[in-house]
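Reviewing the structure listed below.
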Amino acid sequence: MTDVRSRLEFAKQIARNSSVEALKAFSNWKDLAITAKGAQDFVSEVDKSTELYLRAKIQEAYPDDGIVGEEFGRTNESAKLQWVLDPIDGTANYISGVPAWCIVIAIAEHQETVAGVIYDPNCDELFSAQLNQGAFLNDRQLSPKKKFTIANSTLSLGYSGRTTTKPVVAVVNEIFKHGGVFSRNGSGALSLAHVADQRYSGYIEHHMNAWDCLAGQLIVKEAGGLTEDQNAKEMIAYGGRVITGWPGVFENLVKMADDHFGEDDLIRSALGKSPHP
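Heads up: the sequence shown begins at -19 in our numbering, then just goes up one per residue.
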C-alpha cells in the first residue's frame, strides 16, 4: 500500500527547509542572476538550486518515485508515484522583490493527485492536503464559512504567454458585467491556496502547467470548494484549463470559460516550451 501520509509530511518538511536559502536570496533580490526563457517567463538561480535541493531529498528518501519539475524535467516516468515540483511559483515577483511567491509540491498516483503542499515563506503559511483527508493551513483545518456571489467577492484570474489576450479580456469584461472585481497576484499556486481559504471566491485560467496547479486544485477540493475534474497524468503531459471556486461563483466561471476559452487561443509554440508538451 502506498504511504501517502508519510510522503505528505516529508513534502511539508522539505518545502519549509528549502525556503531558508530562498528567503535569504530574496532579501538581496537585486543581486539575483536571472535568465529570460520567454516574454514574462524568467528563471533565477534560486529556482534551479531550490528544485535541485527538493529533487535530491526526494530521491534519497523515495528512490523508486518519479519526479517532474519545472526547471529540470522528468525522471523515472514509469513510477507509480510522481512528485510534481515548482520550486518558486511567482518567479517574476521573486526577482522583483514582491513577496508573492511560493514553493509547490504535488504527488500524483496514476490519474489522481493524492497530496499537495503550497508553502508561502513570506507569511509562514503552509497549505496542505491529502486526498479524502481534508485541507489545512498550518495546523488549522480549512472549512467553508462564507457564501459568495461574483458581485460580493474578489476573483483571481491567471494569464500567461501560452494564450492570446482575447479570452482574458473577454473574461474580465464578464466579471465586471456581473459586478465583480479580480486580482492577479502573479502566482497561480498561491492564488489557488487563497481560494481554498476563501480569500478569493474563485480562480480561472485558460492554461496552467501541472506544477502550478495540481497541489492547489487538491487543496481547494479538500477544503470543500469546487474544481473541474482533471486527469493528473494528462495535466503533467499537456497542462490544461483550471477553474476552481465556491458555489455561487464556480458555475459562472465554468460558463465564462466555455464561452470564451477556445483551442485557437492557445499559442502552440509557447506550449512547446514545456518539457512535457
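Glycine included, each C-beta is placed from N, C-alpha and C at the ideal position. Bear in mind the structure is a predicted one, so any value in this text is a computation, not a measurement.
For residue i: DSSP bridge partner residues
{"i": "D66", "result": "V84"}
{"i": "M188", "result": "G220"}
{"i": "S108", "result": "V97, F116"}
{"i": "S163", "result": "S136"}
{"i": "T143", "result": "L246"}
{"i": "G225", "result": "G182, L206"}
{"i": "E92", "result": "E89"}
{"i": "T55", "result": "I47"}
{"i": "L61", "result": "E89"}
{"i": "Q121", "result": "F116"}
Residue i classed as buried or exposed, judged by whether at least 16 other C-beta atoms fall within 10 angstroms
{"i": "V149", "result": "exposed"}
{"i": "C121", "result": "Looking at the sequence itself, residue 121 is Gln, so the reference to Cys does not match. Flag for Q121 reads exposed."}
{"i": "R35", "result": "buried"}
{"i": "D(-17)", "result": "exposed"}
{"i": "R(-15)", "result": "exposed"}
{"i": "A237", "result": "buried"}
{"i": "V64", "result": "buried"}
{"i": "P43", "result": "exposed"}
{"i": "T145", "result": "exposed"}
{"i": "V161", "result": "exposed"}
{"i": "E50", "result": "buried"}
{"i": "H174", "result": "buried"}
{"i": "Q91", "result": "exposed"}
{"i": "C103", "result": "exposed"}
{"i": "P257", "result": "Residue confidence for P257 is low, a pLDDT of 34 falling below 50, so the modelled location carries little weight and cannot support an answer."}
{"i": "L135", "result": "buried"}
{"i": "D239", "result": "exposed"}
{"i": "S108", "result": "buried"}
{"i": "F(-10)", "result": "buried"}
Inter-residue spacing [alpha-carbon to alpha-carbon] between residue i and residue j
{"i": "D209", "j": "R221", "result": "11 Å"}
{"i": "E1", "j": "E202", "result": "30 Å"}
{"i": "G205", "j": "E40", "result": "35 Å"}
{"i": "G228", "j": "T129", "result": "5 Å"}
{"i": "I98", "j": "V152", "result": "27 Å"}
{"i": "F241", "j": "Y218", "result": "16 Å"}
{"i": "Q258", "j": "D11", "result": "Residue 258 cannot be examined here, being either before or after the span of the chain that is shown, -19 to 257."}
{"i": "K(-8)", "j": "L106", "result": "8 Å"}
{"i": "D244", "j": "S140", "result": "15 Å"}
{"i": "A131", "j": "E231", "result": "14 Å"}
{"i": "C82", "j": "F52", "result": "18 Å"}
{"i": "N118", "j": "I216", "result": "27 Å"}
{"i": "V84", "j": "H158", "result": "32 Å"}
{"i": "I38", "j": "D45", "result": "8 Å"}
{"i": "V78", "j": "R164", "result": "13 Å"}
{"i": "M188", "j": "T207", "result": "14 Å"}
{"i": "S(-2)", "j": "P147", "result": "36 Å"}
{"i": "N56", "j": "T30", "result": "20 Å"}
Nearest to residue i (by Cα), restricted to the options the options
{"i": "F6", "options": "T143, A72, A212", "result": "A72"}
{"i": "R179", "options": "K125, L32, Q62, Q91", "result": "K125"}
{"i": "G70", "options": "A176, G168, G196", "result": "G168"}
{"i": "Q62", "options": "F116, D245, A212", "result": "A212"}
{"i": "I223", "options": "K127, L198, E185", "result": "E185"}
{"i": "V191", "options": "N(-3), V48, S29, D104", "result": "It is Trp, not Val, that sits at residue 191 in the sequence shown. The shortest C-alpha separation from W191 is found at V48."}
{"i": "L172", "options": "G225, A131, S133, P79", "result": "G225"}
{"i": "Y183", "options": "L233, F52, T143", "result": "L233"}
{"i": "N8", "options": "E25, I(-6), T15", "result": "E25"}
Closer than 7 Å: residue i CB and nearest the ligand FAD heavy atom
{"i": "A131", "result": "The ligand FAD is not part of the structure shown, which contains no ligands of any sort."}
Hey, which unbroken runs of the beta strand (DSSP E) at 3 residues or more fall wholly within the region 4 to 50?
14 to 18, 21 to 24, 46 to 49
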